[in-house]
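Notes to accompany the following structure.
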Amino acid sequence: MEITRRRSAELFAVLQGEASTQAERDGSRDALVHLHLPLVEHCARRFRNRGEPLEDLVQVGTIGLIKSIDRFDTERGVEFSTYATPTIIGEIKRYFRDKGWAIRVPRRLQELRMQIGTASAELTQSLGRSPTARELAERIGCTVEEIVEGIESSNAYSTLSLDATDDSDDSTASMLDAIGVDDQGLEHVEIRESIKPLLDRLDAREKKILLLRFFKNMTQSQIAAEIGVSQMHVSRLLNRTLERLRTSLEQAD
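The sequence shown: position 183 = 186 (this note's numbering), numbered continuously.
Shown next, in the form of structure tokens:
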């Protein structure tokens, strides 16, 4: 530990020394990163078993280490490891926060959501009730519109799969099964409504022929046997009726 501390001080002296060349500074910076990688690995291991590979956490933590090296001031009298640890851990926590959102939203809204959660808990405790949007805005120091936007963005934090089932019973039905579909019959509503008054004008036999042909799917021979006329007569009646309906619809349009 003492060797690491002494070596770190030597490298920072070169990195921040006015007489050092750019090549010497770059070399010292790289050496400081490698020297303190064990600190990054130590911080990253605190977040194991949270669904992310340790290698990825070390990579993210290294970004925090580099930021710490660039910002560290040796004249503060603080150990570099003490200074760097919160930055490294903060970078890893930010990584988890960003990964936790199901839909990508601006960092500003992600941070505002956390502020709203903290302020809401504090105000609920002190007021004995849920705070209003204006009270939250005054507490955080933003506008009411921003509070509303932050609350709405919370809906993007987690989503429910359409394949998810209802845990309240033993049913295997998914959310997708509960979503309605387009009724194909809606496409024909306008036509049916337009043709209804025209059908009312037909005589009983013409109506019956249309009913047997298009609703009961009977052949012209079956219709002829049903109403007691020849198939040829059924054909003529059907064609004449359809032509009258077609002409009436065209005139109506």
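Positions of the beta carbon are idealized from the N, C-alpha and C atoms, including for glycine.
Please read all numbers here as calculations on a predicted model, not as lab measurements.
Does the count of Cβ pairs from the segment 127-145 and the segment 111-119 closer than 8 Å reach three? At 8 Å Cβ cutoff, the stretches touch.
Closest Cα partner of K211 within the set V237, S197, S233: Just measuring C-alpha positions, the residue of V237, S197, S233 sitting nearest K211 is V237.
So, does the CB of I6 fall closer than 8 Å to a CB anywhere in chain D? Among the chains in the structure shown there is no chain D, since it carries only a single protein chain.
Secondary structure at V17, three-state DSSP: helix, strand or coil? Three-state result, V17: helix.
What residue range does the alpha helix (DSSP H) around L213 cover? Its alpha helix (DSSP H) spans residues 207-213.
Would you give the residue range spanned by the alpha helix (DSSP H) that S133 belongs to? Annotation for S133: no alpha helix (DSSP H) segment contains it, and DSSP assigns it neither H nor E.
What first and last residue would you give for the alpha helix (DSSP H) that runs through E55? Unbroken run through E55: none, as it is neither H nor E.
So, for F50: in the same chain, excluding its five sequence neighbours on each side, which residues have a beta-carbon less than 6 Å away from its beta-carbon? For F50, where only same-chain residues beyond five positions count, the Cβ hits under 6 Å are L60, I95.
By Cβ distance, which residues of its chain are closer than 7 Å to Y98, with the 5 residues on each side in sequence left out? Within the same chain, V63 come within 7 Å of Y98 by CB-CB distance, once the 5 residues on both sides are set aside.
For the segment 126-135 and the segment 85-95, state whether three or more C-beta atom pairs, one from each stretch, are separated by less than 8 Å. Output reads no: the segment 85-95 does not touch the segment 126-135.
Can you tell me whether E2 is helix, strand or coil according to DSSP? Past the edges of the chain, shown from 4 to 256, lies residue 2, and the structure says nothing about it.
Burial state of S224 (16 or more Cβ within 10 Å): It is exposed - the Cβ of S224 has fewer than 16 other Cβ atoms within 10 Å.
Can you have a look at F83 and say buried or exposed, based on whether 16 or more other CB atoms are within 10 angstroms of its CB? Classification for F83: buried.
Output the residue ranges of the alpha helix (DSSP H) runs that lie fully inside the segment 20-91 and measure 4 residues or longer, sorted by chain position. Qualifying alpha helix (DSSP H) stretches, in chain order: 25-38, 40-48, 57-74.
Since L240 and R216 are thought to touch, with beta carbons under 8 Å apart, how far apart are those beta carbons, to the nearest angstrom? R216 and L240 do not touch by the CB rule: their CB atoms are close to 10 Å apart, not below 8 Å.
Within a Cβ cutoff of 8 Å, which residues of the same chain sit near S31, ignoring the five residues on either side of it in sequence? L14, F15, V17, L18, S23.
Please return the same chain residues whose Cβ sits closer than 6 Å to the Cβ of A122, not counting the five positions on each side in sequence. The answer, listed in chain order, is L139, R142, I143.
Q25 versus L35 - alpha carbon distance: Near 15 Å, if we compare the C-alpha coordinates of L35 and Q25.
Return the residue from the list R53, G231, L213, L201 that minimises the CA-CA distance to T250. Measuring C-alpha to C-alpha distances from T250 to each of R53, G231, L213, L201 identifies L201 as the nearest.
Is the Cβ-Cβ distance between H39 and L57 less than 8 Å? No, Cβ-Cβ distance for H39 and L57 is not below 8 Å.
Mapping DSSP to helix, strand and coil, what is R204? Note: R204 maps to coil in three-state DSSP.
My guess is that I198 and L252 are in contact by the Cβ rule of under 8 Å, so how many angstroms apart are they, rounded? Correct: roughly 7 Å between the Cβ atoms.
Option nearest A12 by Cα separation, candidates M235, D203, G131, I72: Looking at the Cα atoms, I72 is the closest of the given residues.
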